[in-house]
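**Student:** In our numbering, the protein residues as written are 197 to 340. Below is one structure. I have some questions about it.
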Amino acid sequence: MDDSKFKEGLYEGQMKGASKVKRFLFGVNGRPPRSYQIFKDREFTVEHILPQSNQHWNSWKAFEGQDPRDWINRIGNLTLLTKTDNKPTRNFNRSFEKKKAIFRECSLSITSRLAEYDDWTPESIEKRQRYMVKRAVEVWRFDR
């Protein structure tokens with residue numbers, strides 16, 4: 197595999213499987229996958245910025261006329277949160293504004309940088325997707 201095929205697969209595909217997604221996101225954040233520690237797998241959860249649950253989709257107006265399922269598992273829509281911050285009882289899936297307050301305080305740069313976005317739209321996911329793919333290629337280079 198070369199970098200271009202790696203990039204294409206990441207950009208076009210959807211990423212599923214919590215363990216695989218966590219390892220990928222830690223790597224993109226700047227923690228090499230070889231130093232991935234098992235306790236981190238228990239401490240962090242995968243957060244879908246545009247929520248997985250369709251009960252909240254109607255409050256995400258930027259996705260009207262879109263099928264949210266096309267966006268949910270894109271790497272641009274995924275990040276990491278501690279289990280404490282990602283408790284279902286927090287009910288912060290109703291808006292991006294509610295999530296930004298949590299993201300801003302996260303110690304992981306891939307999550308805290310989400311607070312820089314004004315809104316979460318398909319264009320936001322595309323922009324972050326490009327950034328995540330670029331970072332992934334920097335971390336896992338195949339053309340050497």
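Ideal Cβ positions, reconstructed from N, Cα and C, are used throughout, including at glycine.
Residue range of the alpha helix (DSSP H) that L221 falls in?
**Tutor:** 214-225
**Student:** Output the distance between the C-alpha atoms of K295 and D315, rounded to the nearest integer angstrom.
**Tutor:** 11 Å
**Student:** Among residues of its own chain, excluding the 5 on either side of T275, which ones have a beta-carbon nearer than 7 Å to its beta-carbon?
**Tutor:** L221, E243, I245, I306, T307, L310
**Student:** Ignoring anything shorter than 3 residues or poking outside the stretch 234-265, list the beta strand (DSSP E) runs there in chain order.
**Tutor:** 240-244
**Student:** Straight-line CA distance for T278 to E239?
**Tutor:** Looking at the two C-alpha atoms, the distance is approximately 6 Å.
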